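Visitor: Here the UniProt record's numbering is used: the first residue of the sequence shown is 1, the next is one more, and so on.
Don't be surprised by glycine CBs; every beta carbon is placed ideally from N, CA and C.
All values derive from a computational prediction rather than experimental measurement.
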Amino acid sequence: MVLYTSPFPNSFLSVLHSFSWGLIFPCYWLADRLVASFVPTTYEKRQRADDPCYFHALCIIITTPIYLALLVASLPFALIGFLLWSPLQSARRPYIYSRLEDKNHANGATLLTEWKAAGNGKSFCFGSANVCLLPDSLARFNNVFNTQARAKEIGRRIRNGASRPQIKIYIDSPTNTSISAASFSSLVSPQGGDSTNRTVNTGIKRTTSMEYKGDNSGSNNSEDSREDKGGAGEPNEGEENTCIVRINGEDNGHMSDTETDTVNGQAHASGPAEPSLEGDAELSKTPNHKQKEGDSGSLDSYSASRESLVKVRVGDGTVDQSTVNNKLLYKASIMKKTSVRKKKHTDETFDHEICAFFPANLDFLCLQEVFDKRAAEKLKEQLHHYFEYIVYDVGVYSCHSCCSFKFVNSGLLFASRYPVMDAAYHCYPNGRGTDSLASKGALFLKVQVGSTPQDQRIVGYISCTHLQAIAGDTTVRCEQLDMLQDWLSEFRKSTSSSSTANPEELVAFDVICGDLNFDNCSSEDKLEQQHSLFTHYKDPCRIGPGEDKPWAIGTLLDPEGLYDEEVCTPDNLQKVLESEEGRKGYLVYPTSKNHSSSQKGRKASLKGNGRRIDYMLYTEEGLYLEWKVEVEEFSFITQLAGLTDHLPVAMRLMVSTGEDDP
Numbered sequence: 001m002v003l004y005t006s007p008f009p010n011s012f013l014s015v016l017h018s019f020s021w022g023l024i025f026p027c028y029w030l031a032d033r034l035v036a037s038f039v040p041t042t043y044e045k046r047q048r049a050d051d052p053c054y055f056h057a058l059c060i061i062i063t064t065p066i067y068l069a070l071l072v073a074s075l076p077f078a079l080i081g082f083l084l085w086s087p088l089q090s091a092r093r094p095y096i097y098s099r100l101e102d103k104n105h106a107n108g109a110t111l112l113t114e115w116k117a118a119g120n121g122k123s124f125c126f127g128s129a130n131v132c133l134l135p136d137s138l139a140r141f142n143n144v145f146n147t148q149a150r151a152k153e154i155g156r157r158i159r160n161g162a163s164r165p166q167i168k169i170y171i172d173s174p175t176n177t178s179i180s181a182a183s184f185s186s187l188v189s190p191q192g193g194d195s196t197n198r199t200v201n202t203g204i205k206r207t208t209s210m211e212y213k214g215d216n217s218g219s220n221n222s223e224d225s226r227e228d229k230g231g232a233g234e235p236n237e238g239e240e241n242t243c244i245v246r247i248n249g250e251d252n253g254h255m256s257d258t259e260t261d262t263v264n265g266q267a268h269a270s271g272p273a274e275p276s277l278e279g280d281a282e283l284s285k286t287p288n289h290k291q292k293e294g295d296s297g298s299l300d301s302y303s304a305s306r307e308s309l310v311k312v313r314v315g316d317g318t319v320d321q322s323t324v325n326n327k328l329l330y331k332a333s334i335m336k337k338t339s340v341r342k343k344k345h346t347d348e349t350f351d352h353e354i355c356a357f358f359p360a361n362l363d364f365l366c367l368q369e370v371f372d373k374r375a376a377e378k379l380k381e382q383l384h385h386y387f388e389y390i391v392y393d394v395g396v397y398s399c400h401s402c403c404s405f406k407f408v409n410s411g412l413l414f415a416s417r418y419p420v421m422d423a424a425y426h427c428y429p430n431g432r433g434t435d436s437l438a439s440k441g442a443l444f445l446k447v448q449v450g451s452t453p454q455d456q457r458i459v460g461y462i463s464c465t466h467l468q469a470i471a472g473d474t475t476v477r478c479e480q481l482d483m484l485q486d487w488l489s490e491f492r493k494s495t496s497s498s499s500t501a502n503p504e505e506l507v508a509f510d511v512i513c514g515d516l517n518f519d520n521c522s523s524e525d526k527l528e529q530q531h532s533l534f535t536h537y538k539d540p541c542r543i544g545p546g547e548d549k550p551w552a553i554g555t556l557l558d559p560e561g562l563y564d565e566e567v568c569t570p571d572n573l574q575k576v577l578e579s580e581e582g583r584k585g586y587l588v589y590p591t592s593k594n595h596s597s598s599q600k601g602r603k604a605s606l607k608g609n610g611r612r613i614d615y616m617l618y619t620e621e622g623l624y625l626e627w628k629v630e631v632e633e634f635s636f637i638t639q640l641a642g643l644t645d646h647l648p649v650a651m652r653l654m655v656s657t658g659e660d661d662p
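In structure tokens:
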């Protein structure tokens with residue numbers, strides 16, 4: 001199957017399309033700004049609280065006639081452009097495939113050699129998020145604004161979080177869960193220093209994530225780090241950029257005042273983080289991008305939460321010149337795997353947490369509601385600093401291949417560190433209401449993640465989708481889930497080059513990600529909860545229809561509280577969501593006839609821990625029979641606090657080959 005690298009089959013149609021859109025855009029932009037001026041966000045209302053009451057009204061009175069006059073003047077040109085633009089959509093391809101051209105940062109082909117099928121296997125990390133990148137006037141109805149600046153910041157936060165080297169901390173004592181000052185001195189750069197001193201001890205495993213800071217932040221897996229890893233003696237092929245730290249159980253693991261001062265002194269001696277070279281003037285216009293005390297969501301912040309971030313310098317030792325020149329600076333975030341809620345459910349077979357960062361070494365990312373084209377380009381540019389392969393601008397426009405006219409695309413975007421082999425898109429034909437104006441559908445992808453010594457390809461399947469959003473349309477969503485399963489089955493059959501007798505490909509995983517717009521606790525969503533999809537695919541957060549696991553929380557935030565100081569930074573939002581009272585105040589809960597729609601300040605007993613409408617599903621069906629797939633970790637992520645009204649989710653799967661097990 002051919003991957004489409006341009007929206008049209010030839011340059012003439014591309015030029016004609018650009019010309020027609022150039023005629024339409026002034027009218028589109030003016031209409032967007034005109035509507036946006038009448039839909040203020042809660043942040044803007046608070047900013048205007050100190051201004052005279054007549055000031056905003058005066059601005060509206062002055063700007064509205066100007067916008068209207070220019071809008072009327074641009075209408076004839078927009079009409080001509082529309083008459084050219086609409087027929088062209090019949091020749092438009094359903095997506096654009098982008099591959100990083102910079103060979104210095106391209107490493108997808110190298111990743112394929114990391115999995116040795118004769119070993120224990122490999123882990124893969126998947127992320128999914130609804131980022132609400134609509135035209136600014138429409139985004140304001142979700143209480144977010146400045147779409148272009150948000151797109152840039154979202155992309156930067158994702159790639160900064162994912163490119164952090166990962167540290168595995170092993171605790172000697174089963175009862176010791178704190179970290180001594182001595183352990184921090186063991187944190188060394190995976191690209192230099194005495195990497196051979198990494199130690200692995202049997203015990204309780206803790207995961208520490210570090211945020212990378214350097215000129216080459218786009219290169220997530222350099223050759224140096226791979227060579228260093230090869231000499232470290234840690235035989236885990238599934239973890240790149242990983243440091244192993246041993247924590248002794250002496251003195252009960254507590255940090256004395258002297259030790260604390262020592263660590264703090266080392267942190268201050270390392271100097272402040274260097275600011276990003278990227279221009280952020282436009283980002284300062286919105287509250288979403290102001291770095292406050294304790295905001296660790298972006299690497300551009302000069303301060304970090306005292307409780308979760310520790311600055312560590314690169315260990316002295318023999319390092320290559322590039323490492324010295326980069327003057328690497330890390331922020332180490334000690335992520336508490338054993339929270340109070342987790343201790344109550346020790347029977348769980350995998351780790352789960354609310355995390356302020358995207359997982360280190362994120363392999364695949366599925367995004368929804370990337371509707372704005374300009375925002376999609378800005379987001380793609382940022383993500384390409386980490387992901388080599390991106391599929392974006394997915395969907396159809398006009399009346400092409402769908403029943404109703406489509407004004408915007410599907411909003412789906414897929415990013416991968418591994419090569420994409422095949423891709424296919426299908427549009428749901430049964431959209432209703434405002435959802436019918438968008439070409440919502442499903443994007444199916446086949447990626448190559450490795451190869452066997454016998455040159456058999458190891459592949460995986462990933463599906464990204466966004467279902468009908470209007471409440472009460474349960475029948476529509478069930479029909480879309482039916483189509484999703486049928487299309488996925490067809491895609492796997494059409495892209496498979498294997499036979500049972502002579503398999504050329506070994507399937508490692510099959511994952512579905514997306515915003516399904518129903519939760520597992522609302523009584524109105526019973527039909528979706530009992531859909532046959534959940535008999536074939538497993539939901540790590542679900543016990544059964546109508547019942548989630550106790551640690552699972554909702555992914556839909558209350559829009560009215562997005563800019564409250566308690567939740568406007570990743571660290572603050574993480575702390576709030578770790579408490580039941582905090583969740584009641586800032587998450588949208590399952591609908592009930594006995595409660596009003598207002599969530600703010602609610603203290604009553606509510607079912608579940610919020611509406612979890614963003615899903616990550618996996619299956620064990622149709623995979624290579626001798627391999628086993630297990631969830632290693634599941635995370636609810638707060639790194640996009642203030643940028644979207646959804647919580648991103650991440651899942652790490654371990655694909656075990658069943659050979660050479662200890």
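Identify whether S522 lies in helix, strand or coil by the three-state DSSP scheme.
Guide: Numbered from 1 along the sequence shown, position 522 holds the residue referred to as residue 522. Residue state, collapsed to three classes: coil.
Visitor: Using only alpha-carbon positions, find the residue among M483, L506, Q574 that is nearest to L533.
Guide: Taking the sequence shown and counting its residues from 1, one reaches residue 533 at position 533. Ranking M483, L506, Q574 by Cα distance to L533 puts M483 first.
Visitor: Starting from C53, follow the alpha helix (DSSP H) in both directions and report where the run begins and ends.
Guide: Residue 53 sits at position 53 when you count from the first residue of the sequence shown. Unbroken alpha helix (DSSP H) run through C53: 53-88.
Visitor: Identify, in the order they occur along the chain, each residue of the same chain with its Cβ nearer than 7 Å to the Cβ of Y537, setting aside the five sequence neighbours on each side.
Guide: As a working note, residue 537 is residue 537 in the sequence shown. Taken in chain order, the residues that qualify are I512, L617, Y618, T619.
Visitor: Using only the alpha-carbon positions, how far apart do Y392 and N517 sit?
Guide: Residue mapping note: residue 392 aligns to position 392 of the sequence shown, counting from 1. Residue mapping note: residue 517 aligns to position 517 of the sequence shown, counting from 1. Near 21 Å, if we compare the C-alpha coordinates of N517 and Y392.
Visitor: So, for L3: in the same chain, excluding its five sequence neighbours on each side, which residues have a beta-carbon less than 7 Å away from its beta-carbon?
Guide: Numbered from its first residue, the sequence shown carries residue 3 at position 3. Y97, V420, A423, listed in sequence order.
Visitor: Quick one: what does DSSP say F350 is sitting in, helix, strand or coil?
Guide: The residue labelled residue 350 in the question sits at position 350 within the sequence shown. It is coil, neither helix nor strand.
Visitor: Counting C-beta neighbours from all protein chains within 10 Å, is the total for Q468 16 or more, i.e. buried, or is it exposed?
Guide: Here residue 468 corresponds to residue number 468 of the sequence shown, with the count starting at 1. It is buried - the Cβ of Q468 has at least 16 other Cβ atoms within 10 Å.
Visitor: By Cβ distance, which residues of its chain are closer than 6 Å to F77, with the 5 residues on each side in sequence left out?
Guide: Here residue 77 refers to the residue found at position 77 when the sequence shown is read from its first residue. Contacts found: L23.
Visitor: Determine the extent of the alpha helix (DSSP H) in which S163 is found, giving its start and end residues.
Guide: For the purposes of this step, residue 163 is taken as the residue at position 163 of the sequence shown. S163 -> no alpha helix (DSSP H), and no H or E assigned at all.
Visitor: In the DSSP assignment, what are the bridge partners of H385?
Guide: Locating residue 385 in the sequence shown gives position 385, counting from the first residue. According to DSSP, H385 bridges with nothing at all.
Visitor: Identify whether T465 lies in helix, strand or coil by the three-state DSSP scheme.
Guide: Your numbering for residue 465 matches position 465 in the sequence shown. Correct three-state label for T465: strand.
Visitor: Which whole-angstrom value describes the C-beta separation of R652 and C125, a residue pair presumed to lie in contact below a C-beta threshold of 8 Å?
Guide: Locating residue 652 in the sequence shown gives position 652, counting from the first residue. Locating residue 125 in the sequence shown gives position 125, counting from the first residue. Their Cβ separation, rounded to whole angstroms, is 5 Å, which keeps R652 and C125 in contact under 8 Å.
Visitor: Extract the residue ranges of the beta strand (DSSP E) inside the region 426-457, only unbroken runs of 3 or more that lie entirely within it.
Guide: Those beta strand (DSSP E) runs which fall completely within the region 426-457 and span 3+ residues are 441-451.
Visitor: Would you grab the beta carbon distance between R140 and T41 for me? Rounded to a whole angstrom, and I think it's under 8 Å.
Guide: One-based indexing of the sequence shown puts residue 140 at position 140. One-based indexing of the sequence shown puts residue 41 at position 41. The pair is a contact, with the Cβ atoms about 6 Å apart (cut-off 8 Å).
Visitor: Strictly by DSSP, which residues pair up with V408?
Guide: Here residue 408 is taken as the residue at index 408 of the sequence shown, counted from 1. V408 is bridged to A438.
Visitor: Determine the direct distance from the alpha carbon of V35 to that of A55, and round the result to whole angstroms.
Guide: For the purposes of this step, residue 55 is taken as the residue at position 55 of the sequence shown. For the purposes of this step, residue 35 is taken as the residue at position 35 of the sequence shown. Reading off the sequence, residue 55 comes out as Phe, not Ala. Using only the alpha carbons, I get a separation of about 19 Å.
Visitor: Give the DSSP bridge partners of Y392, in chain order.
Guide: To locate residue 392, count along the sequence shown from 1; it is residue 392. Bridge partners of Y392: I96.
Visitor: At what residues does the beta strand (DSSP E) containing E633 begin and finish?
Guide: Against the sequence shown, residue 633 aligns to sequence position 633. Here the beta strand (DSSP E) through E633 covers 628-637.
Visitor: K549 to R542, Cα distance in whole Å?
Guide: As a working mapping, residue 549 is identified with position 549 in the sequence shown. As a working mapping, residue 542 is identified with position 542 in the sequence shown. Roughly 6 Å between the two C-alpha positions.
Visitor: Look at the alpha carbon of N142 and the alpha carbon of I154, and state the distance between them as a whole number of angstroms.
Guide: Within the sequence shown, residue 142 is the residue found at index 142, counting from 1. Within the sequence shown, residue 154 is the residue found at index 154, counting from 1. The straight-line gap from Cα to Cα measures roughly 16 Å.
Visitor: On a CA-only basis, which of S37, K380, P590 is nearest N520? Give me that one, please.
Guide: For the purposes of this step, residue 520 is taken as the residue at position 520 of the sequence shown. Cα-wise, what sits closest to N520 is P590.
Visitor: Can you name the start and end residues of the beta strand (DSSP E) that A129 belongs to?
Guide: Counting from 1 along the sequence shown, the entry for residue 129 is found at position 129. 121-133 is the extent of the beta strand (DSSP E) around A129.
Visitor: The beta strand (DSSP E) with E369 in it runs from where to where?
Guide: Counted from its first residue, the sequence shown places residue 369 at position 369. Per DSSP, E369 belongs to the beta strand (DSSP E) from 364-370.
Visitor: Give the straight-line distance between the Cα atoms of H646 and G561, rounded to the nearest whole angstrom.
Guide: Taking the sequence shown and counting its residues from 1, the one referred to as residue 646 is at position 646. Taking the sequence shown and counting its residues from 1, the one referred to as residue 561 is at position 561. So the two alpha carbons sit approximately 12 Å from each other.
Visitor: Throw me the rounded Cβ distance for the T657 and G121 pair, which I believe falls under 8 Å.
Guide: The residue labelled residue 657 in the question sits at position 657 within the sequence shown. The residue labelled residue 121 in the question sits at position 121 within the sequence shown. The pair is a contact, with the Cβ atoms about 5 Å apart (cut-off 8 Å).
Visitor: Going by C-alpha distance, which of Q530, K446, Y586 is nearest E490?
Guide: In the sequence shown, the residue the question calls residue 490 occupies position 490. Of the candidates Q530, K446, Y586, the one whose C-alpha sits nearest the C-alpha of E490 is K446.
Visitor: Buried or exposed: which applies to V72, given that a residue is buried once 16 or more other Cβ atoms fall within 10 Å of its Cβ?
Guide: As a first step, residue 72 must be located in the sequence shown, where it is residue number 72. Exposed, because fewer than 16 other Cβ atoms sit within 10 Å of the Cβ of V72.
Visitor: Do P648 and A129 have their beta-carbon atoms positioned less than 8 Å apart in this structure?
Guide: Your numbering for residue 129 matches position 129 in the sequence shown. Your numbering for residue 648 matches position 648 in the sequence shown. Cβ atoms of A129 and P648: closer than 8 Å.
Visitor: Got a sec? Which residues, its chain only, sit under 6 Å from G610 by beta carbon, not counting five neighbours each side?
Guide: Numbered from 1 along the sequence shown, position 610 holds the residue referred to as residue 610. So the qualifying residues of the chain are I553, G554, R583, L587, Y589.
Visitor: With distances taken Cα to Cα, identify the nearest neighbour of D136 among V576, W29, T474.
Guide: For this step, residue 136 is matched to residue 136 along the sequence shown. The candidate whose alpha carbon is nearest that of D136 is W29.
Visitor: Pick from K152, P165, L623, L134: whose alpha carbon is nearest that of L362?
Guide: Walking along the sequence shown from the start, residue 362 turns up at place 362. Among K152, P165, L623, L134, the Cα nearest to that of L362 belongs to P165.
Visitor: How about D510 and G622: are their beta carbons less than 8 Å apart?
Guide: As a position in the sequence shown, residue 510 is number 510, starting the count at 1. As a position in the sequence shown, residue 622 is number 622, starting the count at 1. In this structure, G622 lies closer than 8 Å to D510 by Cβ.
Visitor: Using the three-state DSSP reduction, which class does E505 fall into: helix, strand or coil?
Guide: What you label residue 505 is simply residue 505 of the sequence shown in a count that begins at 1. Residue state, collapsed to three classes: strand.
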